[in-house]
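Structure first, commentary second.
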Amino acid sequence: MNKFFINEILIEEFELDYDEFYLDKYQILKSVGYKKDDIPDLIQQVFDEVLIDLSKKVNIKGGFKIFPSNQISIGKEHIIISGITFNCGEIIKSCLTDSESVVLLICTIGNQVEKWTKSLLEKNEPLAGYFSDLIASELVEMAADKLELKLEQMLKLYKIKTTTRFSPGYCGWDVGEQQKLFSILPKGFCGVTLNNESMMFPVKSISAIIGIGSNVSKKKYNCSKCVLESCLKKDRYEKYF
Amino acid sequence: MNTLLEQLILCIEKGRINSSSNHPVEMVGMDGAIELAQKAINSGISANQLLNDALMIGMKNIGVKFKENRVFLPEVLISAKAMKSCMEILQPYFVSGEIQHKGKVLLGTVSGDLHDIGKNIVKMILEGGGWEVLDLGVNVTPVKFVEAVNQHSVKIVGLSALLTTTMQNMGSIVKSLKEECKDICIIIGGAPVTKTFADSIFADEYFSDPQGMLDFINKKFASVL
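Chains as they are written, first to last, in my numbering: chain C, 8 to 248; chain L, 231 to 455.
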């Protein structure tokens with residue numbers, strides 16, 4: 008792997024422009040159950056209105072921290088990053104095995120959308136509130152995708168590849184491990200904080216780990232091996248792809 | 231059946247709130263739920279008949295369609311909004327005791343968890359279904375749940391959690407409620423929650439959507455319908 012990534016910690020933080028994102032109304036409504044040609048007019052109208060208003064309330068930020076190889080140890084049972092032992096579970100560990108280092112990633116769309124969603128529900132606008140929450144969830148996932156792409160493009164220059172992205176709470180990784188993950192990131196990184204129950208603030212935020220190295224590759228989420236009966240990520244990937 | 235009530239059923243089912251609404255297209259220019267409910271009251275139809283023979287039927291119809299996958303949650307929410315608008319007209323009758331809710335349901339997001347959007351949507355669907363909902367908010371401890379159940383003589387409690395960490399707190403809340411409150415029915419829900427988990431903590435029921443919970447409590451507990 009390139010010498011730079013062997014010896015140095017690299018921290019990058021970005022502000023992402025809402026206009027960089029294309030929220031596909033039909034794909035999002037498909038996740039609710041609708042077929043493209045069968046969506047009632049009012050549903051589409053409320054969705055469109057929410058999308059316009061929501062665009063004025065997001066503040067998309069993201070960043071990542073690349074750890075040098077000498078701070079990483081990937082064993083059979085766990086992964087050690089900067090002296091902190093992570094128990095990511097079998098599925099994630101098997102995907103990270105060939106990594107020479109790891110990247111921790113954070114992104115958020117800010118807290119204004121959540122406040123707005125609550126106010127919509129209080130004002131007897133349940134559909135608008137529901138859509139606001141639904142679109143916000145999709146937007147923060149897209150922001151994480153965009154950030155992952157930025158990382159890939161940056162590492163490509165050094166012929167370094169990336170693994171699939173994994174988040175605490177999914178693929179058998181206990182969400183309580185958020186505490187460890189945040190402990191090795193700069194305090195308040197990208198404006199995201201954590202409470203004692205491992206809940207991120209703003210709520211519409213994502214944290215994740217990505218393995219990097221010369222011989223790693225992206226693999227499909229191994230949902231068939233996962234014990235989670237109900238999984239937001241699984242739902243998203245199954246419904247979209 | 232009275233034509234006004236028939237029209238009102240349709241308005242609730244379709245989510246047509248008032249005459250100025252452009253939804254649904256085939257009813258543009260016609261009265262909506264608010265006007266029809268007011269006209270019904272003015273024409274001497276009792277609040278009880280209005281509630282049970284029109285509003286509840288409209289909500290029941292949309293619930294059946296949801297269960298059969300003929301409509302999806304957004305359409306149920308449109309109906310719930312129309313229903314809630316009519317419930318405001320009926321509010322004085324609830325206060326006077328002329329009409330009653332089907333019963334009381336206590337809702338809360340469990341200790342440690344501050345997510346409340348899912349819970350609030352459940353609340354709207356249950357209120358739309360004719361239930362009085364006492365919302366304890368977020369980060370609710372076992373002690374607070376027990377106190378509220380005893381204070382309000384509630385028999386149905388709904389617990390919500392969105393994280394696998396906070397979901398674990400449901401166990402201690404269920405345990406406290408079962409120990410401290412007689413004949414309590416505890417229903418749990420939230421993104422990471424499953425039937426298997428509900429069984430493991432001895433919760434009575436789990437539902438993946440608010441309509442499922444409404445159908446269940448209507449069948450098992452409703453005292454009015």
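For every residue, glycine included, the Cβ atom is placed at its ideal position computed from N, Cα and C.
Residues of chain L with CB closer than 7 angstroms to the CB of residue i, please, in chain order.
i         : result
Glu-107/C : Near Glu-107/C there are no residues of chain L at all, since even the closest Cβ is about 30 angstroms away, more than 7 angstroms.
Val-182/C : Leu-393, Thr-394, Thr-395
Val-210/C : His-345
State the Cα-Cα distance for the pair residue i and residue j, rounded to the nearest angstrom.
i         : j         : result
Gln-78/C  : Ser-89/C  : 5 angstroms
Asn-66/C  : Gly-117/C : 5 angstroms
Asp-60/C  : Cys-411/L : 45 angstroms
Lys-168/C : Ile-217/C : 10 angstroms
Gly-245/L : Tyr-137/C : 16 angstroms
Gln-185/C : Thr-171/C : 18 angstroms
Gly-198/C : Asn-369/L : 23 angstroms
Ile-308/L : Phe-173/C : 36 angstroms
Asn-248/L : Ala-267/L : 10 angstroms
Tyr-247/C : Ala-150/C : Confidence at Tyr-247/C is low in this model, with a pLDDT of 47, below 50, so its placement is unreliable and no value can be given for it.
Thr-371/L : Ala-428/L : 18 angstroms
Lys-194/C : Phe-93/C  : 19 angstroms
Ile-414/L : Val-404/L : 10 angstroms
Leu-366/L : Thr-104/C : 46 angstroms
Asp-124/C : Ser-80/C  : Just to set this straight, residue 124/C is Thr in the shown sequence, not Asp. C-alpha separation (whole angstroms): 42 angstroms.
Asp-140/C : Glu-121/C : 7 angstroms
Pro-47/C  : Ala-452/L : 32 angstroms
Pro-75/C  : Tyr-25/C  : 32 angstroms
Ile-329/L : Ala-277/L : 7 angstroms
Gln-160/C : Leu-17/C  : 15 angstroms
His-85/C  : Ser-62/C  : 41 angstroms
Thr-233/L : Ser-251/L : 21 angstroms
Ala-293/L : Cys-102/C : Here residue 293/L is Gly; the residue named in the question, Ala, does not match the sequence. Near 43 angstroms, if we compare the C-alpha coordinates of Cys-102/C and Gly-293/L.
Lys-311/L : Tyr-33/C  : 24 angstroms
Below 9 angstroms on C-beta distance, what does residue i contact in chain L?
i         : result
Met-206/C : Gly-342, Asp-343, Leu-344, His-345, Leu-392, Leu-393, Thr-395, Thr-396
Gly-176/C : Leu-393, Thr-394, Thr-395, Pro-422
Taking all protein chains shown into account, decide if residue i is buried (16 or more other Cβ within 10 angstroms of its Cβ) or exposed.
i         : result
Val-147/C : buried
Asn-350/L : buried
Tyr-29/C  : exposed
Asp-45/C  : exposed
Gln-237/L : buried
Leu-448/L : Looking at the sequence shown, residue 448/L is not Leu but Asn. Classification for Asn-448/L: buried.
Gln-441/L : buried
Lys-72/C  : buried
Ser-430/L : exposed
Ser-221/C : exposed
Val-387/L : buried
Thr-426/L : exposed
Leu-455/L : The predicted position of Leu-455/L is uncertain, since its pLDDT is 40 and thus under 50; a value taken from the coordinates is nonetheless stated next. The residue is exposed, with fewer than 16 neighbouring Cβ atoms inside 10 Å.
Please list, in chain order, the chain C residues whose beta carbon lies closer than 7 angstroms to that of residue i.
i         : result
Ala-310/L : Pro-133
Leu-307/L : Pro-133, Leu-134, Tyr-137
Lys-314/L : Asn-131
Met-317/L : Within chain C, no residue comes near Met-317/L; the closest Cβ sits about 10 angstroms away, beyond 7 angstroms.
Using a C-beta to C-beta distance shorter than 8 angstroms, which residues of chain L count as neighbours of residue i?
i         : result
Gly-40/C  : Asn-299, Phe-302, Leu-303
Val-75/C  : One point to set straight first is that residue 75/C is Pro, not Val, in the sequence displayed. By Cβ distance, chain L contributes nothing, its closest Cβ being about 30 angstroms from Pro-75/C, past 8 angstroms.
Thr-124/C : Ile-347
Which chain C residues sit within Cβ distance under 8 angstroms of residue i?
i         : result
Val-255/L : Asp-48
Cβ closer than 9 angstroms: which chain C residues qualify as neighbours of residue i?
i         : result
Ile-351/L : Leu-128, Pro-133, Gly-136, Tyr-137, Asp-140
Return the chain-ordered ranges of every beta strand (DSSP E) run that is complete within the segment 89 to 130 of chain C and spans a minimum of 3 residues. 91 to 93, 108 to 115
Can you find at least 3 beta carbon pairs, one from the segment 201 to 208 of chain C and one from the segment 104 to 112 of chain C, that sit closer than 8 angstroms? no
Pick out the complete beta strand (DSSP E) segments inside the segment 309 to 377 of chain L, 3 residues or longer, and give them in chain order. 334 to 339, 362 to 365
Does the pairing of the segment 173 to 182 of chain C with the segment 92 to 108 of chain C give three or more beta-carbon distances under 8 angstroms? yes
Can we say the segment 371 to 380 of chain L touches the segment 313 to 321 of chain L, given the rule of at least three CB pairs closer than 8 angstroms? No: the two stretches stay apart, fewer than three of their Cβ pairs being nearer than 8 angstroms.
Three Cβ pairs or more, each shorter than 8 angstroms: is that satisfied between the segment 284 to 302 of chain L and the segment 251 to 262 of chain L? no
The segment 332 to 347 of chain L contacting the segment 382 to 402 of chain L, beta-carbon criterion three pairs below 8 angstroms: yes
Whether or not the segment 359 to 367 of chain L and the segment 320 to 339 of chain L are in contact is what I'm after, with contact meaning three or more pairs of Cβ atoms, one per stretch, closer than 8 angstroms; do they touch? Flag = yes, the segment 320 to 339 of chain L and the segment 359 to 367 of chain L touch.
Looking at C-beta atoms only, is the number of pairs between the segment 46 to 59 of chain C and the segment 158 to 167 of chain C that lie closer than 8 angstroms three or more? As far as the Cβ criterion goes, the segment 46 to 59 of chain C does not touch the segment 158 to 167 of chain C, which means the pair count is below three.
Taking the runs of the beta strand (DSSP E) that are 3 residues or longer, which of them lie wholly in the segment 367 to 433 of chain L? 386 to 390, 415 to 419
Can you check the segment 139 to 207 of chain C for any alpha helix (DSSP H) of at least 4 residues that lies completely inside it and give the ranges in chain order? 185 to 190
What residue ranges within the segment 23 to 97 of chain C form continuous beta strand (DSSP E) runs of no fewer than 3 residues, ordered along the chain? With a minimum length of 3 residues, the continuous beta strand (DSSP E) runs that stay inside the segment 23 to 97 of chain C are 67 to 73, 79 to 81, 86 to 88, 91 to 93.
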